[in-house]
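Residue 316 is where the sequence shown starts when you use the numbering used here, and the numbers rise one by one after that.
Yeah, the Cβ is synthetic: ideal placement off N, Cα and C, and Gly gets one too.
Take a look at the structure set out below.
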Amino acid sequence: MRDELFTQPRYPQELIEVIHSGVETSFQHATPELLDPDQSPVIGTAGPLEFDKGHDVFIRATPLILQRVPNAQFVIAGTGPEETRLRQLVRDLKMTEQVTFVSGMADLAVAIEAMDIFVLPSLRQGLGTIMLEAMARSRPVIASQSGGIYQIVKAGVTGLLVPPSDSAALAQCVIDLVHNPKQARELGQAAREQVLTHFRVEDMVDKTAEMYRAVLGEMPSPKDVDA
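This is how it looks when you write it as C-alpha coordinates:
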(Lines of atoms letter the chains of each structure in order from A and count residues from 1; the text may use other names and numbers.)
(Lines give C-alpha, C1' and ligand atoms only; values in the text may rest on other atoms or scores of the structure.)
Protein backbone atom coordinates (compact mmCIF):
# COMPACT_ATOMS: atom_id res chain seq x y z
CA MET A 1 0.00 0.00 0.00
CA ARG A 2 2.76 2.47 0.91
CA ASP A 3 4.62 1.78 -2.33
CA GLU A 4 1.42 2.35 -4.31
CA LEU A 5 0.84 5.68 -2.59
CA PHE A 6 4.43 6.70 -3.31
CA THR A 7 3.59 6.59 -7.03
CA GLN A 8 0.80 9.15 -6.57
CA PRO A 9 2.13 12.74 -6.72
CA ARG A 10 -0.74 14.02 -4.57
CA TYR A 11 0.60 11.99 -1.62
CA PRO A 12 3.95 13.47 -0.48
CA GLN A 13 6.19 10.69 0.81
CA GLU A 14 7.08 12.61 3.95
CA LEU A 15 3.39 12.62 4.93
CA ILE A 16 2.89 8.87 4.54
CA GLU A 17 3.17 6.77 7.68
CA VAL A 18 2.35 3.05 7.72
CA ILE A 19 0.87 1.45 10.83
CA HIS A 20 0.75 -2.31 10.49
CA SER A 21 -2.16 -4.37 11.72
CA GLY A 22 -1.59 -6.18 14.99
CA VAL A 23 -2.94 -9.35 16.54
CA GLU A 24 -3.55 -10.56 20.07
CA THR A 25 -0.57 -12.37 21.56
CA SER A 26 -1.44 -12.43 25.26
CA PHE A 27 -3.41 -15.69 25.04
CA GLN A 28 -2.03 -18.69 26.90
CA HIS A 29 0.50 -20.17 24.52
CA ALA A 30 2.22 -23.51 24.62
CA THR A 31 4.59 -24.65 21.90
CA PRO A 32 2.46 -26.98 19.78
CA GLU A 33 3.52 -30.53 19.01
CA LEU A 34 3.41 -29.99 15.29
CA LEU A 35 3.52 -32.85 12.80
CA ASP A 36 3.22 -35.64 15.34
CA PRO A 37 4.27 -38.79 13.40
CA ASP A 38 1.41 -40.70 15.04
CA GLN A 39 -1.17 -38.24 13.72
CA SER A 40 -2.28 -37.23 10.24
CA PRO A 41 -0.75 -33.87 9.31
CA VAL A 42 -3.34 -31.11 8.96
CA ILE A 43 -2.67 -28.40 6.40
CA GLY A 44 -5.11 -25.54 6.24
CA THR A 45 -6.05 -21.99 5.46
CA ALA A 46 -8.58 -19.55 6.89
CA GLY A 47 -10.31 -16.36 5.87
CA PRO A 48 -13.04 -15.14 3.53
CA LEU A 49 -13.69 -17.41 0.55
CA GLU A 50 -13.11 -14.84 -2.18
CA PHE A 51 -11.52 -15.22 -5.60
CA ASP A 52 -8.41 -13.17 -4.80
CA LYS A 53 -7.62 -15.43 -1.84
CA GLY A 54 -6.54 -18.23 -4.17
CA HIS A 55 -8.27 -21.13 -2.41
CA ASP A 56 -8.49 -23.01 -5.70
CA VAL A 57 -4.67 -22.93 -5.85
CA PHE A 58 -4.59 -24.65 -2.47
CA ILE A 59 -7.26 -27.16 -3.46
CA ARG A 60 -5.41 -28.09 -6.66
CA ALA A 61 -2.29 -28.68 -4.56
CA THR A 62 -4.01 -31.24 -2.33
CA PRO A 63 -3.85 -34.27 -4.68
CA LEU A 64 -0.19 -33.48 -5.36
CA ILE A 65 0.51 -33.47 -1.63
CA LEU A 66 -1.31 -36.78 -1.16
CA GLN A 67 1.05 -38.45 -3.61
CA ARG A 68 3.85 -37.98 -1.08
CA VAL A 69 1.87 -37.60 2.15
CA PRO A 70 -1.02 -40.05 1.75
CA ASN A 71 -2.46 -39.47 5.23
CA ALA A 72 -2.64 -35.67 4.96
CA GLN A 73 -5.84 -33.85 5.82
CA PHE A 74 -6.82 -30.37 4.66
CA VAL A 75 -8.98 -27.65 6.24
CA ILE A 76 -10.52 -24.56 4.65
CA ALA A 77 -12.07 -22.33 7.32
CA GLY A 78 -14.28 -19.42 6.35
CA THR A 79 -17.29 -18.40 4.29
CA GLY A 80 -17.79 -16.27 1.22
CA PRO A 81 -19.07 -16.02 -2.35
CA GLU A 82 -16.62 -18.62 -3.68
CA GLU A 83 -17.71 -21.41 -1.33
CA THR A 84 -20.05 -23.20 -3.75
CA ARG A 85 -17.48 -23.18 -6.55
CA LEU A 86 -14.70 -24.36 -4.25
CA ARG A 87 -16.79 -27.21 -2.89
CA GLN A 88 -17.52 -28.30 -6.45
CA LEU A 89 -13.81 -28.20 -7.29
CA VAL A 90 -13.13 -30.49 -4.33
CA ARG A 91 -15.76 -32.91 -5.64
CA ASP A 92 -14.33 -32.75 -9.15
CA LEU A 93 -10.90 -33.67 -7.80
CA LYS A 94 -12.43 -36.47 -5.70
CA MET A 95 -10.97 -34.96 -2.53
CA THR A 96 -14.10 -34.81 -0.38
CA GLU A 97 -12.68 -37.34 2.11
CA GLN A 98 -9.53 -35.30 2.63
CA VAL A 99 -10.72 -31.66 2.41
CA THR A 100 -12.95 -30.30 5.18
CA PHE A 101 -14.76 -26.96 4.94
CA VAL A 102 -15.38 -25.20 8.25
CA SER A 103 -18.08 -22.56 7.74
CA GLY A 104 -19.76 -20.19 10.14
CA MET A 105 -16.97 -20.14 12.71
CA ALA A 106 -16.85 -16.78 14.45
CA ASP A 107 -13.28 -17.24 15.69
CA LEU A 108 -11.05 -18.59 12.93
CA ALA A 109 -8.19 -18.83 15.41
CA VAL A 110 -9.88 -21.97 16.76
CA ALA A 111 -9.53 -23.59 13.34
CA ILE A 112 -5.90 -22.49 13.12
CA GLU A 113 -5.19 -24.29 16.39
CA ALA A 114 -6.07 -27.57 14.65
CA MET A 115 -3.56 -27.02 11.84
CA ASP A 116 0.05 -28.16 11.63
CA ILE A 117 0.85 -25.95 8.63
CA PHE A 118 -0.93 -22.76 7.56
CA VAL A 119 -1.05 -21.68 3.92
CA LEU A 120 -2.03 -18.32 2.44
CA PRO A 121 -2.26 -18.79 -1.35
CA SER A 122 -3.63 -15.32 -2.13
CA LEU A 123 -3.40 -13.93 -5.65
CA ARG A 124 -3.53 -10.43 -4.16
CA GLN A 125 -3.02 -9.69 -0.50
CA GLY A 126 -2.55 -6.84 1.92
CA LEU A 127 -0.69 -7.51 5.11
CA GLY A 128 -2.40 -10.84 5.82
CA THR A 129 -3.80 -10.46 9.33
CA ILE A 130 -5.13 -14.02 9.43
CA MET A 131 -1.61 -15.23 8.69
CA LEU A 132 -0.35 -13.19 11.64
CA GLU A 133 -2.85 -15.11 13.77
CA ALA A 134 -1.29 -18.37 12.61
CA MET A 135 2.23 -17.07 13.16
CA ALA A 136 1.33 -15.92 16.68
CA ARG A 137 0.42 -19.54 17.36
CA SER A 138 3.81 -20.79 16.14
CA ARG A 139 2.40 -22.33 12.96
CA PRO A 140 4.80 -22.53 10.03
CA VAL A 141 3.33 -20.58 7.13
CA ILE A 142 3.57 -20.96 3.38
CA ALA A 143 2.39 -17.87 1.51
CA SER A 144 2.28 -16.57 -2.02
CA GLN A 145 4.66 -13.80 -3.04
CA SER A 146 2.04 -11.08 -3.28
CA GLY A 147 1.20 -7.71 -1.78
CA GLY A 148 2.23 -7.06 1.79
CA ILE A 149 3.37 -10.63 2.45
CA TYR A 150 6.99 -9.54 1.98
CA GLN A 151 6.63 -7.29 5.03
CA ILE A 152 5.93 -10.33 7.21
CA VAL A 153 7.53 -13.43 5.76
CA LYS A 154 11.26 -13.67 5.26
CA ALA A 155 11.71 -16.72 3.04
CA GLY A 156 13.31 -19.61 4.85
CA VAL A 157 13.38 -17.74 8.17
CA THR A 158 9.84 -16.89 9.26
CA GLY A 159 8.03 -18.89 6.58
CA LEU A 160 8.16 -20.10 3.00
CA LEU A 161 7.13 -18.20 -0.14
CA VAL A 162 5.79 -19.52 -3.43
CA PRO A 163 4.79 -17.81 -6.68
CA PRO A 164 1.08 -16.90 -6.88
CA SER A 165 -1.13 -19.48 -8.65
CA ASP A 166 1.59 -22.16 -8.45
CA SER A 167 -0.10 -25.21 -6.94
CA ALA A 168 2.91 -27.44 -7.64
CA ALA A 169 5.29 -25.14 -5.74
CA LEU A 170 2.83 -24.89 -2.86
CA ALA A 171 2.50 -28.67 -2.74
CA GLN A 172 6.27 -29.15 -2.72
CA CYS A 173 6.71 -26.74 0.20
CA VAL A 174 4.07 -28.58 2.20
CA ILE A 175 5.71 -31.92 1.43
CA ASP A 176 9.12 -30.58 2.45
CA LEU A 177 7.82 -29.35 5.82
CA VAL A 178 5.91 -32.55 6.58
CA HIS A 179 9.06 -34.55 5.87
CA ASN A 180 11.18 -32.14 7.94
CA PRO A 181 9.20 -31.41 11.12
CA LYS A 182 12.24 -29.87 12.79
CA GLN A 183 12.38 -27.15 10.13
CA ALA A 184 8.61 -26.67 10.40
CA ARG A 185 8.84 -26.08 14.15
CA GLU A 186 11.79 -23.72 13.77
CA LEU A 187 9.86 -21.67 11.20
CA GLY A 188 6.87 -21.60 13.53
CA GLN A 189 8.92 -20.35 16.46
CA ALA A 190 10.62 -17.69 14.33
CA ALA A 191 7.21 -16.64 13.03
CA ARG A 192 5.90 -16.13 16.56
CA GLU A 193 8.95 -14.07 17.48
CA GLN A 194 8.35 -11.91 14.41
CA VAL A 195 4.79 -11.21 15.55
CA LEU A 196 5.84 -10.50 19.14
CA THR A 197 8.45 -8.03 17.91
CA HIS A 198 6.53 -6.19 15.20
CA PHE A 199 2.83 -7.07 15.05
CA ARG A 200 1.28 -7.03 18.52
CA VAL A 201 -2.12 -5.39 18.74
CA GLU A 202 -0.80 -3.24 21.60
CA ASP A 203 1.86 -1.80 19.29
CA MET A 204 -0.77 -1.01 16.65
CA VAL A 205 -2.90 0.84 19.21
CA ASP A 206 0.07 2.78 20.60
CA LYS A 207 1.29 3.82 17.15
CA THR A 208 -2.20 4.86 16.07
CA ALA A 209 -2.64 6.98 19.20
CA GLU A 210 0.79 8.51 18.67
CA MET A 211 -0.12 9.41 15.09
CA TYR A 212 -3.37 11.06 16.19
CA ARG A 213 -1.48 13.07 18.79
CA ALA A 214 1.05 14.17 16.18
CA VAL A 215 -1.65 15.21 13.72
CA LEU A 216 -3.76 17.01 16.31
CA GLY A 217 -0.68 18.72 17.68
CA GLU A 218 -0.10 20.32 14.29
CA MET A 219 -3.69 21.60 14.00
CA PRO A 220 -4.58 25.04 15.37
CA SER A 221 -6.85 25.02 18.40
CA PRO A 222 -10.30 26.68 18.11
CA LYS A 223 -8.95 29.55 20.24
CA ASP A 224 -6.11 30.14 17.77
CA VAL A 225 -8.54 30.09 14.84
CA ASP A 226 -10.85 32.64 16.50
CA ALA A 227 -7.91 34.92 17.18
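A distance below 7 angstroms between beta-carbons, with the five flanking residues on each side excluded, links V390 to the following residues of its chain, in chain order: V357, G359, T415, V417, A426, A429, M430. Closest by C-alpha distance to T377, out of D351, T399, Q354, E412, is E412.
With contact defined as three or more Cβ pairs closer than 8 angstroms, the stretch 430-439 and the stretch 451-459 are in contact. Taking C-alpha positions only, D481 is separated from G532 by approximately 49 angstroms. Under the DSSP assignment, I380 falls in the alpha helix (DSSP H) whose first and last residues are 370-383. The Cβ neighbour count for H513, taken over all protein chains shown within 10 Å, is under 16; the residue is labelled exposed.
Looking at the DSSP output, L435 shares a beta bridge with A458. Looking at A486, E448, G419, the one whose alpha-carbon comes closest to that of R375 is A486. For F366, the secondary structure class from DSSP, reduced to helix, strand or coil, is helix.
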